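All residue numbers for the sequence shown refer to my numbering, where the first residue is 12 and numbers rise by one.
Ideal placement from N, C-alpha and C gives every residue a C-beta, glycine not left out.
This structure is a prediction, so every number in the text was calculated from the model and none was measured.
A short worksheet on the structure shown next.
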Amino acid sequence: MKKLLLGAVLALLGGLQLQAGNVLVTNYNEDSAAQLPISLASGAALLKGGSVQIGTWTSDPSALIAGLTSPAGRDALLAAFVSFGATNAIGNDVDGLYQSDKSVPIAGNSPLVGQSIYTLIGNNAALDTSDQFAIVKHAGAFAADAPVFAGTADISLAGSNVLFGSLGGPSITTALGAAPSLSLKAIPEPMSVSLLFASLALVARRRRA
12 MKKLLLGAVL
22 ALLGGLQLQA
32 GNVLVTNYNE
42 DSAAQLPISL
52 ASGAALLKGG
62 SVQIGTWTSD
72 PSALIAGLTS
82 PAGRDALLAA
92 FVSFGATNAI
102 GNDVDGLYQS
112 DKSVPIAGNS
122 PLVGQSIYTL
132 IGNNAALDTS
142 DQFAIVKHAG
152 AFAADAPVFA
162 GTADISLAGS
172 NVLFGSLGGP
182 SITTALGAAP
192 SLSLKAIPEP
202 MSVSLLFASL
212 ALVARRRRA
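This is the structure:
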């Protein structure tokens, strides 16, 4: 009896795993050998480390992205983000490249359903401690498992739209060769913003004088 019960439980767990939505998360295309390595705001290559996370926002994130002008803006953006799967790092297998298959069940009432797929990239091991970011919106959207949702979050594809950060960064060489990078954009510290306003005020006073 116990063996039958155990078998039923294992079969149920296996069935649940099969129902898990799957998204391929990567910065290179195996078919075309296209790649998009990552560079820091300084221009240095990000060959290992950082953090890569996919997910979505349940409403238009434009205001949150525009608010990435301080750590407080970063925290607000991340608080509203609905993650799909765990965070990955760049260069776990090959310097400058990342790829993982994320499998998470997507029920019909999941907040992910119908929302665009986004990739967030930070310069530190955790997004909430990163002070440099890139945000990429992909052409696809999340959907409920029916029976299984399958998607791709490949930042190297032409249909991927960079919302924060910039394309055409310094060329970086990986196992796939050299290619222009996606440059992370730094989030200024509050003191830096204060100094900027102070400098602008000083310039204004000098002009009036």
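What three-state label does DSSP hand residue i in the structure shown?
{"i": "ILE198", "result": "coil"}
{"i": "ALA31", "result": "strand"}
{"i": "PRO181", "result": "strand"}
{"i": "GLY61", "result": "strand"}
{"i": "LEU187", "result": "coil"}
{"i": "GLY84", "result": "helix"}
{"i": "LYS13", "result": "For LYS13, the predicted structure reports a pLDDT of 38, less than 50, and the residue's modelled location is therefore unreliable. A value from the coordinates is still provided. DSSP places LYS13 in helix when its eight states are reduced to three."}
{"i": "SER94", "result": "strand"}
{"i": "ALA77", "result": "helix"}
{"i": "LEU174", "result": "strand"}
{"i": "ASP104", "result": "coil"}
{"i": "LEU138", "result": "helix"}
{"i": "LEU89", "result": "helix"}
Run the CB neighbour count on residue i, radius 10 Å, all protein chains shown included, and call it buried at 16 or more, exposed below.
{"i": "SER203", "result": "Residue confidence for SER203 is low, a pLDDT of 44 falling below 50, so the modelled location carries little weight and cannot support an answer."}
{"i": "ALA83", "result": "exposed"}
{"i": "THR80", "result": "exposed"}
{"i": "LYS113", "result": "buried"}
{"i": "SER171", "result": "buried"}
{"i": "ASP86", "result": "exposed"}
{"i": "ASP71", "result": "exposed"}
{"i": "PRO48", "result": "buried"}
{"i": "ASP42", "result": "exposed"}
{"i": "ASN134", "result": "buried"}
{"i": "ALA169", "result": "exposed"}
{"i": "GLY32", "result": "buried"}
So residue i and residue j are supposed to be a Cβ contact under 8 Å. How far apart are they, rounded?
{"i": "ALA90", "j": "TRP68", "result": "Going by Cβ atoms, the distance from ALA90 to TRP68 rounds to 10 Å, so no, they are not a contact pair."}
{"i": "ASP44", "j": "LEU187", "result": "Sequence check: residue 44 is Ala here, not Asp. Between LEU187 and ALA44 the Cβ distance is about 6 Å, and since that is below 8 Å, they are a contact."}
What residue from the options has the CA that sits closest to residue i's CA?
{"i": "THR185", "options": "SER50, LEU35, LYS148", "result": "SER50"}
{"i": "VAL105", "options": "GLY133, SER167, TYR39, LEU168", "result": "TYR39"}
{"i": "ALA189", "options": "GLN46, TYR129, ALA137", "result": "GLN46"}
{"i": "SER194", "options": "THR37, VAL147, ALA74", "result": "VAL147"}
{"i": "ASN99", "options": "GLY60, LEU168, ALA157, ILE198", "result": "GLY60"}
{"i": "PRO191", "options": "VAL36, ALA55, LEU35", "result": "ALA55"}
{"i": "ALA154", "options": "GLY102, GLY107, SER62, ILE117", "result": "ILE117"}
Flag residue i as yes when its Cβ comes closer than 7 Å to any non-hydrogen atom of the ligand FMN, and as no otherwise.
{"i": "SER167", "result": "Among the components of this structure there are no ligands whatsoever, and the ligand FMN is therefore not found."}
Are the region 142-150 and the region 109-125 touching, with three or more C-beta to C-beta distances below 8 Å?
no
Pairs of beta-carbons, one from the region 177-184 and one from the region 63-78, closer than 8 Å: are there three or more?
no
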